[in-house]
Each structure stands twice: as structure tokens, then as C-alpha cells.
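Colleague: Chains as they are written, first to last, in my numbering: chain R, -7 to 135; chain W, 3 to 420.
Mind having a look at this structure? Questions to follow.
See the structure below:
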């Protein structure tokens, strides 16, 4: 016999089971006409995270990406499973340092651009140790 | 149908977890220490190359660490557990049949997959690396025992580049010949010694040994190992994980404890944790063993334990704490500097099959409600409801002085990027 793993624990942080009171609380009388139309509650995790195993949350420090609406203290949703495309905002590792920037891929040339005029763009040369750590898919900004 | 398994093993798992969130560690020697920074429990390849052994006390390698700028971390179990679950989740996209063998290893069933197994293994390796940052090695073969051997060689061989398929390989005998017998799965130290005395030094020699002799000397388990080396599958993917036999909570103290009260606080705290674990798994314990020990590196080491049996199996923290404190009264010895204590819960039964006792005078309904309420309050809470017996300051509590952040399980400790 071969066993199938039924559940592998996922890093789903906020998932809750919502027990609906609808069906449970109709001991007598006319049943709710809405009961048949009940749908699942909206789950932000599902909305924001496509690949739970590959998705990490990262906290922003500094204002280099302020033009893209990314502020100091914001939360980034980062998906490592995605291939970085031109103009994506990515978490990159440059010579061992991690940074959040917009990536420009033109032919074989890669440039990391800030979204703040106080910062210069950085072209990635052959000698630079460079890796895209993950692609930023959402920013969560508290008001 | 012919069986095909893959063993996917994370390379230097704890050290690699640290590297995912700290890319500067790439190419540098990294070690991870056990609780209270006692012993080396994980090493990067660079640290292995420096001659830092597995399990050695940290103070014994302090010189090597200092001279070579080795990066040292306390264990960050919250991070490692989360990274493990990410790796396993990624693997489960590659086959419906997976056995999570340990925190950093899984067996996959690849029988009936029509494609090139080496290519598939490579895809597994690349995907896990990309999605989770974890480097893994994949060994593929017709039996679990052979996947272990494939995996071991794939780790060492530059040519294999982390993936080795031994299913149809003319290389199989050579692979077995270069595998020392003590490295064969299920062969323990004692068995290996006996085999070597009989002149059986490699996996190849073991494979070609007379099965009758093996059965006579090493019983059915030994015979199975030989069959597996011959490619006859004896071990399928493990069915539902067997019911736990025990729950252990034990920690070293940050600094030695001499007083009875100090020990009681610590043991109450461990009893609380043990109770949570029991209830999470819907189990109850029939017996509890409490043990205490002084440092093992001093003269006159004192080690002792006390076991008590519960009249009715329980997962009630109040009963666990009472029992644990009573045990400490018996175990404490004046003048001893205790370095560690712990609790082992045994006689585990499923919660709703507890054998009741006619003379039981505990209101189990009510205490069960109390436990459920406390568990609910404490779920995901940063400041849990605590038992007074656990103490307030907990000066004995373990320090994780060099623990990295809990990057994936704690909002306040996320990775920060500028």
C-alpha cells in the first residue's frame, strides 16, 4: 500500500475555518432563503498568495522605492517561484546584500532602478555576484 | 509494477536555512549549535572542511571557529520547521505519494513516471532551490535502501551535480563498491562491526553475501537490507505515521540551578509545554518521567530520574505540573548545580479512549474545558496565559544568543530589505 500525504502544513498564517451560523441555527420555521447562496468568506491569503511554499513576507526599510508606492515599514509579498520579467519589482542579492528595486532587463543587460531620484540606477556587471531572490507581487501599506 | 523511489535530502539543512535569509553566508563556513549553544548540530561544507565534527561540544572547536571566522548560530527551530514544510510542500507537487522521513528528507514514489528520471530529479532539485532557496540532493533507485546510496554518492560526485539515478545503471555495482557497509541504511554500528569482522566491508559485499547466513546472524531485518541492495523492494512508502510512543520536553538551563524552587519552576514550564503537545495531538499520558542532571563535564556528575504513573491517563496541565513538582522533591540534591532537566511522557493513549477509574475524583469534563480555553487563548499569542508555577522571570530559561530571526513565523522578525 502506498500512503498519500493528505496534508502538508502550509505557512498559511491567517487561515481560519469559518463556521457559518446559517445552517446550524434553524431549528424550526422558514429556512433562510439565502442559505443556498452561501459562499466561502473572502480569504486575503488566497488573494495575495499563489504559491504558499514559495511566498515570503519582507519588511521594507528606507525610501528608495517610494515612487512605486513602497514606503518604509511596508510589508512586501514576495514570490520566489516567479521568473523575473522586465520592470518587475524584485528582491535582488547584489554581492551578498539584499535590496528591493525595479529590474530592467534589456537584451543581456540588467539594471536595478530605485524609484526615488536621490538614488542612482545600478547596472549589473559581469563580475557582480547577482541573483534575483524573489519577485514582489504585492505591497501591504498600513494607513 | 516496478518500484521506483527518489530520496530527496536537503544539504546541510540548518546551515542552508540560515543562508536563504543571509546570502552573505554563501561560501563561508557556518555552524549551528544545539540548545543553549552546547554542541555543533549542523555544518556547512566549508565548516566540515575545517575539520569541525558533528556533535562536538562548541568549546572544543572554539579555536577553529575564531581563527577561521566561522559563522555561528543558535538553533532556530521555528525557522527550520517552517522551511522544512515549504520544501515538503514543494516536493508534493512532483508526486502524489510522498513520505516525509525526517525534517530534511523525503521519499517520493516515482513508479510509472514515463520521463527520464534524471531529468525529473533535476527538475525537482531546481524547483526546490528556486522556490525555497534550499539546495537538495536527489537519489533515485528501485528500493529505499538503494536511494540512500544514490543520494550519498550524488552529494559527493561533481559529475552527478546533485542527482543520481541508479535504476538502470551499469554504475550500480561500482556505487555499491564505494559505499562502506556502515553507511548502508538500517545497518547500525554494532551490525557494521560484526559484518566487518566477517570480511564484509562494502555494500557490494553485503549484497553478495549468502542470504541464509545473514538471516541466521542478523534476522529478518538484516535479510531485508540484503534483498533491498539486490533491488527487491521490501520497504514501501511508510503508511500513516505510527502513533507516538513518547513526548519529550527537555532543555538545558541558561545557568545552573541549585534551588528546589528553581528546578520546580523549570519543570512546571516543561510540563506546560508537554501538555500543549499532548492536547495538540489529542493524546493523554499514562506515565511521566522527570529527569535532572548536572553538567556531564564535571566530576561527581549527578543524574537521576523519577517515574510516576497517573491513575487515569491525562493531558491536563494541572496534573502534569503537580506530578512534575512532586518528582523534583525526590530528585533534588543539595549542593548540586543542575544543568538540565526534562520530562518524558509515556503510555500515550488517544484522548477519547482513556480508561476511566471508578475512584477517580477529578472533574475531567471541567478541567478539559479549562485546558481548551487556555489553548484557545494562547493560540498564536505572543503573551500567553501562563501558570504561576512556571515562575515570572525564568532566569533559567535558555538563551539563544546567536539565534537568527524567525523570518517566516514572527511578524516582528521578518527579513528587512532596503
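We treat Cβ as the ideally placed atom computed from N, Cα and C, and that holds for glycine.
Under DSSP, the beta strand (DSSP E) around residue 295 of chain W begins and ends at which residues?
Modeller: For the purposes of this step, residue 295 of chain W is identified with residue 293 of the second chain, where counting begins at 1. Residues 285 to 296.
Colleague: Quick one: what's got a C-beta closer than 8 Å to residue 86 of chain R's C-beta in the same chain, skipping five residues either side?
Modeller: As a first step, residue 86 of chain R must be located in the first chain, where it is residue number 94. Closer than 8 Å at the Cβ level, and outside the excluded window around residue 86 of chain R, lie 104, 114, 116, 120, 121 and 122.
Colleague: Could you tell me whether the Cβ of residue 24 of chain R comes closer than 7 Å to any Cβ of chain W?
Modeller: Within the first chain, numbered from 1, the residue matching residue 24 of chain R stands at position 32. Not closer than 7 Å to any Cβ of chain W, the Cβ of residue 24 of chain R fails to qualify, so no.
Colleague: Given this structure, state the Cα-to-Cα distance separating residue 419 of chain W from residue 58 of chain R, to the nearest angstrom.
Modeller: If you number the second chain from 1, residue 419 of chain W lands on position 417. If you number the first chain from 1, residue 58 of chain R lands on position 66. Cα to Cα, the separation comes out at about 14 Å.
Colleague: Is residue 229 of chain W helix, strand or coil when you go by DSSP?
Modeller: Locating residue 229 of chain W in the second chain gives position 227, counting from the first residue. Helix.
Colleague: For residue 12 of chain R, I'd like the list of residues in its chain whose CB is within less than 7 Å of its CB, leaving aside the five on either flank, ordered along the chain.
Modeller: Stepping through the first chain from its first residue, residue 12 of chain R is reached at position 20. In this prediction, residue 12 of chain R has a pLDDT of 47, which is less than 50 and means its spatial position is unreliable; what the coordinates show is noted afterwards. Hits under 7 Å: 30.
Colleague: Considering only the beta carbon of each residue, do residue 349 of chain W and residue 277 of chain W sit closer than 7 Å?
Modeller: Stepping through the second chain from its first residue, residue 349 of chain W is reached at position 347. Stepping through the second chain from its first residue, residue 277 of chain W is reached at position 275. Cβ atoms of residue 349 of chain W and residue 277 of chain W: not closer than 7 Å.
Colleague: If we cut at 7 Å on Cβ distances, does residue 169 of chain W have a partner in chain R?
Modeller: What you label residue 169 of chain W is simply residue 167 of the second chain in a count that begins at 1. Output row for residue 169 of chain W: interface = no.
Colleague: Taking the alpha-carbon positions, what's the residue 331 of chain W to residue 234 of chain W distance?
Modeller: On the second chain, residue 331 of chain W is found 329 positions in, with the first residue counted as 1. On the second chain, residue 234 of chain W is found 232 positions in, with the first residue counted as 1. Rounded to whole angstroms, residue 331 of chain W to residue 234 of chain W spans 55 Å at the Cα level.
Colleague: What's the call for residue 39 of chain R, buried or exposed, on a 16-neighbour Cβ count within 10 Å?
Modeller: Locating residue 39 of chain R in the first chain gives position 47, where the first residue counts as 1. Burial call: exposed.
Colleague: Could you check whether the Cβ of residue 386 of chain W sits closer than 7 Å to any Cβ belonging to chain R?
Modeller: Residue mapping note: residue 386 of chain W aligns to position 384 of the second chain, counting from 1. No, residue 386 of chain W does not count as interfacial toward chain R.
Colleague: Expressed to the nearest angstrom, what Euclidean distance is found between the alpha-carbon atoms of residue 300 of chain W and residue 262 of chain W?
Modeller: One-based indexing of the second chain puts residue 300 of chain W at position 298. One-based indexing of the second chain puts residue 262 of chain W at position 260. Distance between the alpha carbons of residue 300 of chain W and residue 262 of chain W: 21 Å.
Colleague: Just verifying my parser: in three-state terms, what is the DSSP assignment at residue 10 of chain R?
Modeller: In the first chain, counting from the first residue as 1, residue 10 of chain R sits at position 18. Confidence is the limiting factor: at residue 10 of chain R the pLDDT is only 49, short of 50, which leaves the residue's position unreliable, though a coordinate-based value still follows. In this structure, residue 10 of chain R counts as coil in the three-state DSSP scheme.
Colleague: For residue 247 of chain W and residue 351 of chain W, I'd like the C-alpha separation in whole angstroms.
Modeller: Start at 1 with the first residue of the second chain, and residue 247 of chain W comes out as number 245. Start at 1 with the first residue of the second chain, and residue 351 of chain W comes out as number 349. Straight-line Cα distance between these residues: approximately 9 Å.
Colleague: Compare the beta carbon distance of residue 76 of chain W and residue 408 of chain W with 7 Å and say whether it is the shorter of the two.
Modeller: What you label residue 76 of chain W is simply residue 74 of the second chain in a count that begins at 1. What you label residue 408 of chain W is simply residue 406 of the second chain in a count that begins at 1. Taking 7 Å as the Cβ cut-off, residue 76 of chain W and residue 408 of chain W do not qualify as a contacting pair.
Colleague: Only counting the same chain, and skipping five residues up and downstream in sequence, which positions put a Cβ closer than 6 Å to that of residue 96 of chain W?
Modeller: On the second chain, residue 96 of chain W is found 94 positions in, with the first residue counted as 1. The residues are 126.
Colleague: Just curious, the alpha helix (DSSP H) that residue 303 of chain W is in, first and last residue?
Modeller: Along the second chain, one-based indexing puts residue 303 of chain W at 301. Segment: none, residue 303 of chain W is in no alpha helix (DSSP H) and carries neither H nor E.
Colleague: Does the distance from the CB of residue 213 of chain W to the CB of residue 228 of chain W come in under 7 Å?
Modeller: On the second chain, residue 213 of chain W is found 211 positions in, with the first residue counted as 1. On the second chain, residue 228 of chain W is found 226 positions in, with the first residue counted as 1. Closer than 7 Å, so yes.
Colleague: Going straight from the alpha carbon of residue 253 of chain W to that of residue 271 of chain W, what length do you get?
Modeller: Translated into the one-based positions of the second chain, residue 253 of chain W becomes position 251. Translated into the one-based positions of the second chain, residue 271 of chain W becomes position 269. So the two alpha carbons sit approximately 11 Å from each other.
Colleague: Quick check on residue 103 of chain R: does DSSP put it in helix, strand or coil?
Modeller: In the first chain, residue 103 of chain R corresponds to position 111, counting from 1. Correct three-state label for residue 103 of chain R: strand.
Colleague: Mapping the DSSP letters down to three states, classify residue 16 of chain R as helix, strand or coil.
Modeller: Start at 1 with the first residue of the first chain, and residue 16 of chain R comes out as number 24. Confidence at residue 16 of chain R is low in this model, with a pLDDT of 48, below 50, so its placement is unreliable and no value can be given for it.
Colleague: Would you mind telling me which residues of chain W sit closer than 9 Å to residue 44 of chain R, beta carbon to beta carbon, in chain order?
Modeller: Looking up residue 44 of chain R in the first chain gives position 52. Within chain W, the residues near residue 44 of chain R are 88 and 91.
Colleague: Is it a yes or a no for the region 17 to 29 of chain W touching the region 86 to 95 of chain R, going by three-plus beta-carbon pairs under 8 Å?
Modeller: Touching, yes.
Colleague: Kindly say whether residue 13 of chain R, judged by its beta-carbon, lies nearer than 7 Å to any beta-carbon of chain W.
Modeller: Walking along the first chain from the start, residue 13 of chain R turns up at place 21. Note on residue 13 of chain R: pLDDT 46, under 50, position unreliable in the model; the coordinate value appears next. Not closer than 7 Å to any Cβ of chain W, the Cβ of residue 13 of chain R fails to qualify, so no.
Colleague: Bridge partners for residue 9 of chain W per DSSP, in chain order?
Modeller: Numbered from its first residue, the second chain carries residue 9 of chain W at position 7. Beta-bridge pairing links residue 9 of chain W to W/109 and W/141.
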